Structure formats: C-alpha cells, structure tokens
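Residue numbers (the UniProt record's numbering): 1 to 177. Just so it is clear, CB atoms sit at the ideal spot from N, CA and C, and this is done for glycine as well. As the structure is a computational prediction, the values presented were derived from the model and not from experiment.
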C-alpha cells in the first residue's frame, strides 16, 4: 500500500528478540529474509538479542543460535547487516537473561566467536570481520555498502566494495555509499 502510493521503500529492518533454543533453522531465516528481498528491498536485523533462561543459561546454545542468524543473513544477498540490541549483559534491557555477546564482566562469550566463525564460513557476500588488519585496505579487503570506511581512530579496512565509494560524514565516521 505504501509503495503503491509512490513512497520509496529501500529496506526492511527486523527486530529479533529471541530465546535460546527456540531459534529456527538457517533455511527458515533465509526464506523469511528472501521474501522481503524479493520485494526489491534490503533487509537487516536491527535489534538482535538471544535471551538465556535466568536460572541455567546455555551459552553454547546461544552461540549456535546467533550463528544461525548470521549464516542466514550471509546467504541472502540483500541482507545488509545485523545489529545487536546492546553489546554487554552488564547494560542490557533484559537484565536477568544474558542476551548479548559480552558478559557482565565485559568478557567475550561463546556467541562472539560463533558470530565471527559464521561470518567467515557462511556463503554469501560481504567482508570478513577483521579483514585488512587496519592497513587501510592494502591486503585486498573491502567494505560492503553502508559499512564504515574511515574516521578518526578508525583502523579497519578503508576500501569500499565496487561500485561504492567512501563518503565523509563527519570527523569520526565515513561510510561506503
């Protein structure tokens, strides 16, 4: 209805407030994201957290569940990103369910490495986290559309994937557009 009225819609952002062990299969998430991509829009998880039971958290299952979402995103070319709804269990809106990838002591949980491994091994486009090693792009790395490519203190890859170019936003942030 909105698109039919002439309003441009470029993307669809999904909230993903999930519970450990209740995350579906990679193929289910691929199908879901692809249904939006088939409408000609980009898709992204804009709020992702995966809660664990408060009395007996299963962090290995949580890691598997995060990897499922990342693997699915990598298989849908229109999936442009995943943003967690916070980064540490110390400062989360779900204070008793440890939903994020760093614990209350700011230590990486199993989910952190599961995300990196899923990103590196799943099929699909995008760049591998950490590629470039802060060398400014000299090792063949490239940043996908909308990724950060510069700014004060930024040490990641500074080369945008074709056909995008690194556009200055402010002193702290430049983006591949």
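Would residue i and residue j be called neighbours here (beta carbons separated by less than 8 Å)?
i           : j           : result
residue 112 : residue 119 : no
residue 9   : residue 41  : yes
residue 85  : residue 48  : yes
residue 76  : residue 33  : yes
residue 23  : residue 68  : yes
residue 166 : residue 157 : no
residue 50  : residue 62  : yes
residue 71  : residue 43  : no
residue 37  : residue 78  : yes
So what's residue i in DSSP terms, helix, strand or just coil?
i           : result
residue 119 : helix
residue 65  : helix
residue 30  : helix
residue 167 : strand
residue 43  : strand
residue 70  : helix
residue 146 : coil
residue 129 : Because the pLDDT at residue 129 is just 38, under 50, the model does not fix this residue reliably, and the point stays unresolved.
residue 90  : helix
residue 60  : helix
residue 8   : coil
residue 174 : strand
residue 97  : coil
residue 35  : helix
On the premise that residue j lies in contact with residue i, defined as a C-beta separation below 8 Å, what is that separation, rounded to the nearest angstrom?
i          : j          : result
residue 92 : residue 52 : The Cβ separation is near 11 Å, so there is no contact.
At the level of alpha carbons, what is the spacing between residue i and residue j?
i           : j           : result
residue 106 : residue 6   : 46 Å
residue 95  : residue 163 : 42 Å
residue 126 : residue 57  : Summary for residue 126: the model assigns pLDDT 40, below 50, so the residue's position carries little reliability; its value from the coordinates is reported in the next sentence. The straight-line gap from Cα to Cα measures roughly 32 Å.
residue 28  : residue 46  : 18 Å
residue 172 : residue 146 : 15 Å
residue 114 : residue 1   : 39 Å
residue 148 : residue 175 : 5 Å
residue 134 : residue 4   : Summary for residue 134: the model assigns pLDDT 35, below 50, so the residue's position carries little reliability; its value from the coordinates is reported in the next sentence. C-alpha separation (whole angstroms): 45 Å.
residue 12  : residue 177 : 18 Å
residue 104 : residue 74  : 29 Å
residue 17  : residue 30  : 17 Å
residue 142 : residue 15  : 27 Å
residue 110 : residue 153 : 28 Å
residue 150 : residue 39  : 32 Å
residue 108 : residue 100 : 9 Å
residue 170 : residue 66  : 32 Å
residue 144 : residue 55  : 40 Å
residue 155 : residue 64  : 29 Å
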